[in-house]
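S.K.:
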Amino acid sequence: MVEAKEIIKVYGSFRALDRVSLDVYDGEKVVIIGPSGSGKSTLLRSINRLEEIDRGSIVVDGMDLYDPKTDITKVREEVGMVFQSFNLFPHKTVLDNLTLAQIVVRKRSRHEAEEKAMALLERVGLASKAKSYPGKLSGGQQQRVAIARSLAMEPKLMLFDEPTSALDPEMIGEVLDVMKDLAKEGMTMAVVTHEMGFAREVADRVIFMDAGRIVEEGTPEHFFTQP
Ligand code: ADP
Ligand code: ADP
Numbered sequence: 050m051v052e053a054k055e056i057i058k059v060y061g062s063f064r065a066l067d068r069v070s071l072d073v074y075d076g077e078k079v080v081i082i083g084p085s086g087s088g089k090s091t092l093l094r095s096i097n098r099l100e101e102i103d104r105g106s107i108v109v110d111g112m113d114l115y116d117p118k119t120d121i122t123k124v125r126e127e128v129g130m131v132f133q134s135f136n137l138f139p140h141k142t143v144l145d146n147l148t149l150a151q152i153v154v155r156k157r158s159r160h161e162a163e164e165k166a167m168a169l170l171e172r173v174g175l176a177s178k179a180k181s182y183p184g185k186l187s188g189g190q191q192q193r194v195a196i197a198r199s200l201a202m203e204p205k206l207m208l209f210d211e212p213t214s215a216l217d218p219e220m221i222g223e224v225l226d227v228m229k230d231l232a233k234e235g236m237t238m239a240v241v242t243h244e245m246g247f248a249r250e251v252a253d254r255v256i257f258m259d260a261g262r263i264v265e266e267g268t269p270e271h272f273f274t275q276p
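Using the numbering used here, read the sequence shown as starting at 50 and increasing by one per residue.
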């Protein structure tokens, strides 16, 4: 699903990514860990071209991100992204948050978009909040809405950038549960997180970054089992 080769990303003279290569297979769950500033977020954001890389190549589902013929809008439809800070539209209801892109980008009818939205809200346990505004929801609820909104576009790959880092501890579990369900259904996922329990339970592969490089990778057993 993702083939990233020898990526270099510089900010001024600083290498945020220093020759990083990463393949993510169809259906695979990759968890990326490492200290703050090690390049985890930059790597994730490169995969749907929220960041432009300086060298190397990235191919997502057969689409070369730096081929001028590639439609980046199509890439972003296939690659859902969930951020630390929910990024919902505050002046739109939960339902409208879920239908907007379906109608504008996917050209679905309002009826079709709303059916899809309600099914997804049901799935994340928030159907009763369809008419609420995001500001009235807890952080955990907002993040579940954000995940549902991404799923409404039927992505082939989901990127999560510290999805629970801004949440109060009691809300982390409800968001991780939604992500675990998604994993069980076979979604291809790349997740930056500090939640080691989640990594142990869900990851096929754990990647440890430091100073812009992948310094170690392996199974959760490799990372979390004492020798
Ligand atoms: P992580 O997600 O591992 O915390 P990031 O990918 O956010 O790391 O950042 C990697 C490094 O790149 C950090 O040192 C950060 O300060 C730097 N960085 C990220 N974005 C920018 C930017 N737009 N301009 C300059 N430096 C940046
Ligand atoms: P997060 O870790 O939640 O993704 P950051 O605080 O790392 O957020 O970055 C937020 C924004 O600021 C990003 O667009 C990133 O590129 C930018 N940024 C991060 N570090 C720097 C930096 N040292 N200089 C300039 N911009 C930065």
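The C-beta atom is built at its ideal place from N, Cα and C for all residues, glycine as well.
#1: Looking only at its chain, what residues have a beta carbon closer than 7 Å to the beta carbon of residue 94, apart from the 5 residues adjacent to it on each side?
#2: For residue 253, which residues of its own chain have a beta-carbon under 6 Å away from its beta-carbon, when the five flanking residues on both sides are left out?
#3: Terminal residues of the continuous beta strand (DSSP E) containing residue 259?
#4: Whole angstroms is fine: what's the gap from residue 107's alpha carbon to residue 188's?
#5: Tell me, which residues are paired with residue 56 by DSSP?
#6: DSSP three-state call for residue 152: helix, strand or coil?
#7: When you measure from the CB of residue 241 to every non-hydrogen atom of ligand 1, does any distance come out below 8 Å?
#8: In or out: residue 70 buried (at least 16 other Cβ within 10 Å) or exposed?
#9: Would the beta-carbon of residue 215 be found less than 8 Å away from any heavy atom of ligand 1?
#10: How about residue 273 and residue 242: do their beta carbons lie closer than 9 Å?
#11: Answer with yes or no whether the minimum CB distance from residue 131 to chain C is below 9 Å.
#12: Would you grab the beta carbon distance between residue 109 and residue 126 for me? Rounded to a whole angstrom, and I think it's under 8 Å.
#13: Roughly how many angstroms separate the alpha carbons of residue 138 and residue 224, rounded to a whole number?
#14: State the DSSP-derived secondary structure class of residue 247, mapped to helix, strand or coil.
#15: Which residues have a Cβ closer than 5 Å to any heavy atom of ligand 1, listed in chain order?
#16: Write down the C-beta distance between residue 144 and residue 168 rounded to the nearest angstrom, noting that I regard them as a contact closer than 8 Å.
#17: Three or more beta-carbon pairs under 8 Å between the region 56-69 and the region 84-94, yes or no?
#18: Do residue 276 and residue 250 have their beta-carbon atoms positioned less than 9 Å apart in this structure?
#19: Which two residues bound the contiguous alpha helix (DSSP H) that contains residue 207?
M.R.: According to the data block:
#1: Translated into positions along the sequence shown, residue 94 becomes position 45. Cβ within range, chain order: 100.
#2: Locating residue 253 in the sequence shown gives position 204, where the first residue counts as 1. 77 and 78.
#3: Translated into the one-based positions of the sequence shown, residue 259 becomes position 210. Segment 254-259, the beta strand (DSSP E) holding residue 259.
#4: Mapped onto the sequence shown, residue 107 falls at position 58. Mapped onto the sequence shown, residue 188 falls at position 139. Between residue 107 and residue 188, the C-alpha separation is close to 33 Å.
#5: Here residue 56 refers to the residue found at position 7 of the sequence shown. For residue 56, which the question treats as bridged, DSSP gives the partners 69.
#6: Looking up residue 152 in the sequence shown gives position 103. Correct three-state label for residue 152: helix.
#7: Translated into positions along the sequence shown, residue 241 becomes position 192. Answer for residue 241: yes, Cβ within range of ligand 1.
#8: Position 21 of the sequence shown, counting from 1, holds the residue named residue 70. Result: exposed.
#9: If you number the sequence shown from 1, residue 215 lands on position 166. Every heavy atom of ligand 1 is 8 Å or more from the Cβ of residue 215, so no.
#10: In the sequence shown, the residue the question calls residue 273 occupies position 224. In the sequence shown, the residue the question calls residue 242 occupies position 193. No; because the gap between Cβ atoms is not below 9 Å, this pair is not in contact.
#11: No chain C is part of this structure, which consists of one protein chain only.
#12: Numbered from its first residue, the sequence shown carries residue 109 at position 60. Numbered from its first residue, the sequence shown carries residue 126 at position 77. At roughly 11 Å, the Cβ-Cβ gap does not stay under 8 Å, so residue 109 and residue 126 are not in contact.
#13: Position 89 of the sequence shown, counted from the first residue, corresponds to residue 138. Position 175 of the sequence shown, counted from the first residue, corresponds to residue 224. So the alpha carbons of these two residues sit roughly 19 Å apart.
#14: Your numbering for residue 247 matches position 198 in the sequence shown. Of the three classes helix, strand and coil, the one that applies to residue 247 here is helix, per DSSP.
#15: 60, 65, 85, 86, 87, 88, 89, 90 and 91
#16: Counting from 1 along the sequence shown, the entry for residue 144 is found at position 95. Counting from 1 along the sequence shown, the entry for residue 168 is found at position 119. About 12 Å; that fails the 8 Å criterion.
#17: yes
#18: Taking the first residue of the sequence shown as position 1, residue 250 is located at position 201. Taking the first residue of the sequence shown as position 1, residue 276 is located at position 227. Not closer than 9 Å, so no.
#19: For this step, residue 207 is matched to residue 158 along the sequence shown. Where residue 207 is concerned, there is no enclosing alpha helix (DSSP H), although the beta strand (DSSP E) it sits in stretches over 206-210.
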